[in-house]
Amino acid sequence: MWYLRALAGLLLVATPSGGTAAGVAPDEAEARVEVLLGAMTLPEKIAQLTVVSDYPGFDFARVETGEAGNVMNFGYSDRDMRLLAAAWPKSGQKIPMLNGIDMEYGYRTLLPVPIAQAATFDIAANREAARLMSREAVLDGVDWTMGPMVDVSRDQRWGRTVEGAGEDVLLASCLAGARTQGARAGGQAVILKHFVGHGFAEGAREYGPVELGEPFLRDVALPPFRTAIAVGADMVMAAFNAVNGVPMAANRRLLQEMLRGEAGFGGAIVSDWESIKQLRFHRLAEDPVEVVALALRAGVDLDMSSDQYRLHLAEALRRGLVRGDEIDAAVRRVLRTKVRLERERAVADPNGASPAVVAADLRRLSVEIARRADVLLENAGNAVPLKGIRRLAIVGGLADDAAAHLGPTPGHAAEAEVTTFARALSERAARSGVAADVVEGCPKSCAEVSPDDPRIAEAARRAAAADAIVVVVGEDERRIGEATSRADLRPPAGQIALVRALVATGRPVVVLLQGGRAQIVEEIRDGLGALMMVWFPGTNGAVATAEILFGDVAPSGRLPFTWPRATGQSPLSYDLPPTSRPAAAQDRWTNRYLDLPPEPRYPFGHGLTTSPVDYADPVLDRPRASVADTVTVRVAVTNRGTRGVREVVQLYARDLLASRARPDRRLVAFEPVEIEPGRTREVALEVRVADLGFHVENGHWIVEPGVFRFFAGPDARAMRAVDLTVTDGLDVAPRDEPILCLDRLTR
Ligand code: BGC
145 MWYLRALAGL
155 LLVATPSGGT
165 AAGVAPDEAE
175 ARVEVLLGAM
185 TLPEKIAQLT
195 VVSDYPGFDF
205 ARVETGEAGN
215 VMNFGYSDRD
225 MRLLAAAWPK
235 SGQKIPMLNG
245 IDMEYGYRTL
255 LPVPIAQAAT
265 FDIAANREAA
275 RLMSREAVLD
285 GVDWTMGPMV
295 DVSRDQRWGR
305 TVEGAGEDVL
315 LASCLAGART
325 QGARAGGQAV
335 ILKHFVGHGF
345 AEGAREYGPV
355 ELGEPFLRDV
365 ALPPFRTAIA
375 VGADMVMAAF
385 NAVNGVPMAA
395 NRRLLQEMLR
405 GEAGFGGAIV
415 SDWESIKQLR
425 FHRLAEDPVE
435 VVALALRAGV
445 DLDMSSDQYR
455 LHLAEALRRG
465 LVRGDEIDAA
475 VRRVLRTKVR
485 LERERAVADP
495 NGASPAVVAA
505 DLRRLSVEIA
515 RRADVLLENA
525 GNAVPLKGIR
535 RLAIVGGLAD
545 DAAAHLGPTP
555 GHAAEAEVTT
565 FARALSERAA
575 RSGVAADVVE
585 GCPKSCAEVS
595 PDDPRIAEAA
605 RRAAAADAIV
615 VVVGEDERRI
625 GEATSRADLR
635 PPAGQIALVR
645 ALVATGRPVV
655 VLLQGGRAQI
665 VEEIRDGLGA
675 LMMVWFPGTN
685 GAVATAEILF
695 GDVAPSGRLP
705 FTWPRATGQS
715 PLSYDLPPTS
725 RPAAAQDRWT
735 NRYLDLPPEP
745 RYPFGHGLTT
755 SPVDYADPVL
765 DRPRASVADT
775 VTVRVAVTNR
785 GTRGVREVVQ
795 LYARDLLASR
805 ARPDRRLVAF
815 EPVEIEPGRT
825 REVALEVRVA
835 DLGFHVENGH
845 WIVEPGVFRF
855 FAGPDARAMR
865 AVDLTVTDGL
875 DVAPRDEPIL
885 CLDRLTR
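The sequence shown runs 145 to 891 under my numbering.
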């Protein structure tokens with residue numbers, strides 16, 4: 145591998161003391177950074193602050209001249225990786241470049257999308273997913289992931305919901321930490337994105353302005369970043385958005401004061417794609433030299449792809465708009481990550497797993513994750529699992545569309561390696577002696593066909609010959625991800641027509657909904673046998689869906705977001721504070737829409753099991769506690785059915801009286817557990833009392849003494865309750881506030 149060879153040479157020359165490697169003393173690493181920095185010319189320093197992106201017809205002389213200290217997107221092309229490897233040694237750069245790519249859920253072998261992984265509520269599985277996908281990329285020389293995306297999102301109109309962990313602060317923080325730990329264990333440097341509040345753009349219009357009040361920003365948007373930083377995130381990406389009036393690429397207060405000062409982040413800050421250049425579109429400055437000075441002084445160390453630091457930073461220095469020590473500080477932050485990576489590589493296991501072994505592990509893991517990620521939304525007709533059938537119709541363009549399975553960020557994945565729903569279901573059906581008939585009906589998500597397209601009627605006619613129908617609909621890969629905000633989340637008319645025509649056959653219909661956010665299902669849910677969210681399964685996850693449908697595995701995924709009935713209900717989350725007039729179905733003068741019931745279609749945490757599960761009242765290990773304590777809430781959960789279940793036990797807390805209007809409830813613990821039929825399991829959930837607080841305007845974290853009510857149950861409507869009296873309070877500055885989930889992540 146060219147990268148490793150370059151690195152080995154460099155280590156011999158520059159670190160005569162040899163690699164005590166990953167466990168290297170910080171001052172030795174720091175000394176290495178200083179040696180490197182001290183030997184750099186100004187253009188070389190600026191190259192360290194520059195990220196050059198590949199594009200069709202890329203001129204590799206740009207690498208040879210040394211203008212690129214770091215690169216991205218070459219990993220999509222084996223040819224360009226080879227040319228890069230040939231060009232780089234000619235550049236004279238003194239330290240290896242970082243070689244990055246967006247790989248939200250995999251590089252060559254794709255896992256289910258991040259929001260699907262979140263639906264598992266499984267911290268360890270998310271960590272292992274990140275580790276393996278990073279491993280696969282590192283084996284190709286891609287050592288820098290432009291992720292994880294840790295933005296909390298509460299507006300289903302936003303297409304990037306698919307890249308994150310959903311609406312809940314605790315779950316998002318745990319998974320931000322787990323994904324960071326995993327990527328680092330896999331050998332990559334990470335970039336947390338998008339700092340901060342990228343998921344809260346006004347109207348969910350991508351890249352739009354964000355207005356976040358101080359307590360909300362700190363309570364909701366910031367915690368996942370803090371958790372991921374605490375477990376070792378290398379870098380943070382500044383969002384495109386203007387937050388509270390200041391574009392993030394120039395937001396000195398949020399980058400320098402909040403992120404570096406209060407959250408103690410010492411790593412490099414990366415711009416988003418061309419976002420330094422775009423400060424001109426925000427009309428912050430016209431002169432590009434002033435623009436780069438705004439960005440660097442705000443704290444942005446790395447210029448992603450806008451070429452502005454390369455072109456204008458030296459002039460900004462000459463004019464006195466930035467200082468030399470500011471440039472040096474930025475370079476140091478980048479070098480620290482590189483030195484860390486080179487030390488880790490120096491002790492990398494030479495007998496480590498080969499690409500083929502890693503790919504096989506990823507395929508296995510993708511099935512394991514999808515088993516726990518598919519969310520059974522409805523099973524009114526008891527159609528899951530399928531029973532007593534001889535013939536199965538598998539309908540819908542998405543059923544056999546490999547590109548759609550790979551989702552919006554397919555990385556370097558090959559469509560030829562995808563196991564589609566159609567294939568997985570046909571193969572599983574064959575094993576039970578069930579004949580499968582695959583019928584397209586209409587291509588992809590039927591968005592381009594009219595409801596009276598003859599292919600729809602024909603598909604229904606063929607499907608009617610089967611004993612059961614599975615139809616795959618939802619969003620295809622072009623309608624999800626970055627820049628796919630939608631004003632209307634209803635399915636296209638052709639899709640509704642297809643589902644209705646199938647229901648009209650009288651056969652049990654199971655709808656598999658593909659997508660990465662909620663879709664409005666009001667027009668397709670009538671008369672269904674079952675409705676299951678299957679996300680974007682990646683290379684091999686569809687195998688798990690077939691297992692669930694045939695009853696080999698019980699469904700157990702849970703929604704990591706609240707699912708609205710109508711697009712107009714967005715944004716929506718379960719943790720809203722109470723109002724002066726709580727929503728009441730029959731009372732117009734309450735906190736609701738005139739034309740919708742107040743409840744969502746499905747609550748946060750929702751997901752059906754195929755065996756009934758009962759919750760007993762939760763029990764506390766003590767009735768009173770102090771803010772220094774961790775309390776244990778025990779809840780007995782019984783599987784009353786005849787099939788095993790994996791139950792995601794959820795615990796919510798409500799502050800009964802507080803000086804602010806606090807959320808009706810907040811998730812404070814969760815634990816997936818397996819329960820055999822007829823058995824009861826007592827699940828112990830730990831809660832740090834110090835986590836039960838909130839932020840106030842001055843940024844402090846406050847816990848007020850008083851009574852907190854814990855609710856245990858299967859989703860955000862949980863009603864089994866027990867009260868805890870907190871006897872003292874807490875009031876700490878941001879630097880000292882508790883970091884969510886850190887105890888679980890480092891246990
Ligand atoms: C996205 C980032 C991404 C970058 C590079 C931007 O448009 O917001 O998340 O890492 O592009 O592809």
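We put the CB at the ideal spot given by N, CA and C, even for glycine.
These figures come from a predicted structure and were not determined experimentally.
How many whole angstroms separate the CB atoms of Trp679 and Val294, which I take to be in contact at a CB cut-off of 8 Å? Counting from 1 along the sequence shown, the entry for residue 679 is found at position 535. Counting from 1 along the sequence shown, the entry for residue 294 is found at position 150. That belief does not hold up - the Cβ atoms of Trp679 and Val294 are roughly 19 Å apart, past 8 Å.
Helix, strand or coil: which one does DSSP assign to Leu646? Residue 646 sits at position 502 when you count from the first residue of the sequence shown. Three-state result, Leu646: helix.
Any non-hydrogen atom of the ligand BGC closer than 6 Å to Met402 Cβ: By one-based count along the sequence shown, residue 402 stands at place 258. Checking the Cβ of Met402 against the ligand BGC gives no.
Report all residues from its chain with a CB closer than 7 Å to the CB of Cys586; omit the five preceding and five following residues, and keep chain order. Sequence index remark: in the sequence shown, residue 586 carries index 442 (1-based). Within the same chain, Cys586 has close Cβ partners Gly541, Val593, Asp597, Arg599, Ile600, Gly638, Leu642.
Gly788: which of Glu818, Pro807, Pro767, Glu621 sits nearest, CA to CA? As a first step, residue 788 is located in the sequence shown; it is residue number 644 there, counting from the start. Comparing Cα-Cα distances from Gly788 to each of Glu818, Pro807, Pro767, Glu621, the minimum goes to Glu818.
Just to confirm my understanding: we take Leu465, look at its own chain, exclude 5 residues before and 5 after, and list those with CB closer than 7 Å. What are they? Position 321 of the sequence shown, counting from 1, holds the residue named residue 465. If we look at Leu465 and ignore the five residues flanking it on each side, its Cβ neighbours are Val433, Glu434, Ala437.
Within the present structure, is the beta-carbon of Lys337 separated from the nearest heavy atom of the ligand BGC by less than 6 Å? Here residue 337 refers to the residue found at position 193 when the sequence shown is read from its first residue. Result yes, Cβ under 6 Å from the ligand BGC.
Mind checking whether the beta-carbon of Trp288 lies closer than 6 Å to any heavy atom of the ligand BGC? As a working note, residue 288 is residue 144 in the sequence shown. Because no heavy atom of the ligand BGC lies under 6 Å away, the Cβ of Trp288 does not count as near it: no.
Can you tell me whether Tyr894 is helix, strand or coil according to DSSP? There is no way to answer for residue 894, as the model of the chain reaches only from 145 to 891.
Can the beta-carbon of Thr871 be found less than 7 Å from the beta-carbon of Arg768? Within the sequence shown, residue 871 is the residue found at index 727, counting from 1. Within the sequence shown, residue 768 is the residue found at index 624, counting from 1. In this structure, Arg768 lies closer than 7 Å to Thr871 by Cβ.
For Ala728, does the count of other Cβ atoms within 10 angstroms reach 16, so buried, or fall short, so exposed? Numbered from its first residue, the sequence shown carries residue 728 at position 584. Ala728 is exposed by the Cβ-count criterion.
Between Asp416 and the ligand BGC, is there a pair consisting of the residue's CB and a ligand heavy atom that are separated by less than 6 Å? Reading the sequence shown from its first residue, position 272 is the one you call residue 416. Distance from the C-beta of Asp416 to the nearest heavy atom of the ligand BGC is below 6 Å.
Going by DSSP, which residues form a beta bridge with Tyr759? Your numbering for residue 759 matches position 615 in the sequence shown. Bridge partners of Tyr759: Val781.
Could you name the residues of the same chain whose beta carbon sits closer than 7 Å to that of Pro849, not counting the 5 residues immediately before and after it, in chain order? Here residue 849 is taken as the residue at index 705 of the sequence shown, counted from 1. Taken in chain order, the residues that qualify are Val870, Thr871, Asp872, Gly873.
Taking 6 Å as the line, does the beta carbon of Asp246 fall inside it for any heavy atom of the ligand BGC? Here residue 246 is taken as the residue at index 102 of the sequence shown, counted from 1. Yes - the ligand BGC has a heavy atom lying nearer than 6 Å to the Cβ of Asp246.
Comparing C-alpha positions only, which one of Lys421, Ala412, Glu470 sits nearest to Thr481? Locating residue 481 in the sequence shown gives position 337, where the first residue counts as 1. Minimum Cα-Cα distance from Thr481 among the listed residues Lys421, Ala412, Glu470 corresponds to Ala412.
Euclidean distance between Cα positions of Pro170 and Leu403: As a position in the sequence shown, residue 170 is number 26, starting the count at 1. As a position in the sequence shown, residue 403 is number 259, starting the count at 1. Take the alpha-carbon of Pro170 and the one of Leu403: they are about 22 Å apart.
Quick check: the stretch 714 to 721 against the stretch 276 to 283, are there 3 or more CB pairs under 8 Å? With the cut-off at 8 Å, the stretch 714 to 721 and the stretch 276 to 283 do not touch.
Proximity to Gly749 [Cα-Cα], best of Ala263, Arg206, Ala205: Along the sequence shown, read from residue 1 onward, the residue named residue 749 stands at position 605. Checked all of Ala263, Arg206, Ala205; the closest Cα to Gly749 is Ala263.
Using the three-state DSSP reduction, which class does Arg736 fall into: helix, strand or coil? Within the sequence shown, numbered from 1, the residue matching residue 736 stands at position 592. In the structure shown, Arg736 sits in coil (DSSP, three-state: anything other than H, G, I, E or B).
Measure how close the beta-carbons of Val387 and Phe369 come, nearest whole angstrom, since I'm counting them as under 8 Å. As a position in the sequence shown, residue 387 is number 243, starting the count at 1. As a position in the sequence shown, residue 369 is number 225, starting the count at 1. The Cβ separation is near 13 Å, so there is no contact.
Cutoff 8 Å; reference Ala165; Cβ partners in own chain excluding five residues on either side: Locating residue 165 in the sequence shown gives position 21, where the first residue counts as 1. Residue placement at Ala165 is flagged as unreliable, the pLDDT there being 38, under the threshold of 50; the coordinate-derived value follows with that caveat. Excluding sequence neighbours, Ala165 sits near Arg487, Glu488, Ala490, Val491.
Under 8 Å, with one C-beta from each stretch per pair, do the stretch 606 to 619 and the stretch 282 to 300 reach the 3-pair mark? no
Short of 6 Å in beta carbon distance, which residues of its chain neighbour Gly330, apart from the five on each side in sequence? Order them along the chain. Locating residue 330 in the sequence shown gives position 186, where the first residue counts as 1. So the qualifying residues of the chain are Arg275, Ser278, Arg279.
Ala845 - DSSP class collapsed to helix/strand/coil: Numbered from 1 along the sequence shown, position 701 holds the residue referred to as residue 845. The amino acid at residue 845 is misidentified as Ala; the sequence shows Trp. Here Trp845 sits in strand by DSSP.
With C-beta atoms as the reference, is Pro681 less than 7 Å away from His556? Reading the sequence shown from its first residue, position 537 is the one you call residue 681. Reading the sequence shown from its first residue, position 412 is the one you call residue 556. Against a cut-off of 7 Å, the Cβ pair of His556 and Pro681 comes out as no contact.
Can you tell me whether Asn217 is helix, strand or coil according to DSSP? For the purposes of this step, residue 217 is taken as the residue at position 73 of the sequence shown. DSSP places Asn217 in coil when its eight states are reduced to three.
Under a three-way DSSP split, which group does Met277 fall into? In the sequence shown, the residue the question calls residue 277 occupies position 133. The answer is helix: DSSP assigns Met277 an H, G or I state.
Only counting the same chain, and skipping five residues up and downstream in sequence, which positions put a Cβ closer than 6 Å to that of Ala813? Indexing the sequence shown from 1 puts residue 813 at position 669. If you ignore the 5 residues before and after Ala813, its C-beta comes within less than 6 Å of the C-beta of Leu795, Leu829, Val831, all in its own chain and listed in chain order.
When the Cβ atoms of the stretch 742 to 756 are set against those of the stretch 698 to 710, are three or more pairs found closer than 8 Å? yes
Whole-angstrom distance between Val578 and Leu319, CA atom to CA atom: Taking the first residue of the sequence shown as 1, we reach residue 319 at position 175. Taking the first residue of the sequence shown as 1, we reach residue 578 at position 434. Leu319 and Val578: Cα-Cα distance of roughly 39 Å.
Span separating the alpha-carbon of Asp312 from that of Leu181: Taking the sequence shown and counting its residues from 1, one reaches residue 312 at position 168. Taking the sequence shown and counting its residues from 1, one reaches residue 181 at position 37. In a straight line, the C-alpha of Asp312 is about 42 Å away from that of Leu181.
For Asp431, which three-state DSSP category applies? Position 287 of the sequence shown holds residue 431. Note: Asp431 maps to coil in three-state DSSP.
Contacting residues, own chain, Cβ-Cβ under 8 Å from Pro708 (five flanking each side not counted): Here residue 708 is taken as the residue at index 564 of the sequence shown, counted from 1. For Pro708, where only same-chain residues beyond five positions count, the Cβ hits under 8 Å are Gln300, Leu633, Ala662, Ile664, Ser714, Leu716, Pro744, Arg745.
Checking the sheet assignment: what are the DSSP bridge partners for Trp707? Sequence index remark: in the sequence shown, residue 707 carries index 563 (1-based). In the DSSP output, where bridge partners are listed per residue, Trp707 has Tyr746.
So, Ser629 versus Trp302, is the Cβ gap smaller than 7 Å? Here the question's residue 629 lines up with position 485 in the sequence shown. Here the question's residue 302 lines up with position 158 in the sequence shown. Result yes, Cβ atoms of Ser629 and Trp302 sit closer than 7 Å.
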